[in-house]
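Report on one structure; see the data block that follows.
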Amino acid sequence: MQCELCGKETNELFLVLIEGTKLRVCKSCAKYGRVLSRVTAEKHVDSNEHKRRVKRSDTPEPVYSFVDDFGKVVEDARLRKGWKQVELAKRLAIKESLLHKIETSDLEPSVDLARRIEKLLSVKILVEVPSDLSPMKSTSSSSSALTLGDLVKVRKRKKQ
Ligand SMILES: [Zn+2]
295 MQCELCGKET
305 NELFLVLIEG
315 TKLRVCKSCA
325 KYGRVLSRVT
335 AEKHVDSNEH
345 KRRVKRSDTP
355 EPVYSFVDDF
365 GKVVEDARLR
375 KGWKQVELAK
385 RLAIKESLLH
395 KIETSDLEPS
405 VDLARRIEKL
415 LSVKILVEVP
425 SDLSPMKSTS
435 SSSSALTLGD
445 LVKVRKRKKQ
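In this note's numbering, the protein residues as written are 295 to 454.
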């Protein structure tokens with residue numbers, strides 16, 4: 295919005311009575327007359343929304359996807375460790391019933407929880423789906439982590 299007196303661009307205008315004329319003026323011009331009311335920018339929320347959008351496109355949020363049979367992957371890895379469900383649940387600080395749902399692939403854990411499971415069991419259940427905005431971004435920061443390709447190979451070998 296623009297001050298009708300000095301032409302300054304501002305988010306906050308005041309409806310002011312100056313020498314019998316109603317004008318929408320900026321804060322500094324408001325003192326020249328009698329303030330009737332305050333006028334705020336209607337597009338305020340929109341400009342915030344725009345900022346958020348711009349920020350998001352600069353740093354796109356990674357999109358994650360769970361591998362097929364992630365529950366089985368978790369269960370197999372847990373059994374390899376020789377842990378009961380209740381033991382793993384305790385180490386993950388989650389309820390045993392939640393772990394049961396994860397192991398039956400009924401429920402996808404949060405990304406945070408999935409990361410903890412991966413670390414604890416040395417498995418890979420979460421894959422970062424490459425975004426169009428960052429095609430060159432590496433999906434595995436750790437060289438010891440299994441790639442999805444490795445995982446498929448492992449699963450195929452076990453099925454034979
Ligand atoms: Zn002004």
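Ideal placement from N, C-alpha and C gives every residue a C-beta, glycine not left out.
Candidates the options, of which the one nearest residue i by Cα
i, options, result
"residue 321", "313, 315, 305 and 361", "305"
"residue 313", "303, 307 and 299", "299"
"residue 365", "404, 394 and 423", "394"
"residue 405", "358, 377 and 383", "358"
"residue 423", "334, 360, 379 and 297", "360"
Counted within 10 angstroms of its Cβ, other Cβ atoms place residue i as buried (16 or more) or exposed
i, result
"residue 373", "exposed"
"residue 324", "buried"
"residue 412", "buried"
"residue 435", "In this predicted model, residue 435 has a pLDDT of only 48, less than 50, meaning its place in the structure is not dependable enough to derive any value."
"residue 418", "buried"
"residue 387", "exposed"
Close Cβ partners of residue i (< 7 Å) along its chain, the five nearest in sequence each way excluded
i, result
"residue 311", "327, 328 and 330"
"residue 396", "365, 368 and 403"
"residue 384", "none"
"residue 297", "304, 307, 319, 320 and 323"
Residues of its chain near residue i, where Cβ-Cβ distance is below 6 Å and the 5 sequence neighbours each way are ignored
i, result
"residue 332", "308"
"residue 302", "320"
"residue 415", "371"
Contacts around residue i, its chain only, beta-carbon distance under 8 Å, and the 5 residues preceding and following it disregarded
i, result
"residue 316", "309, 310 and 330"
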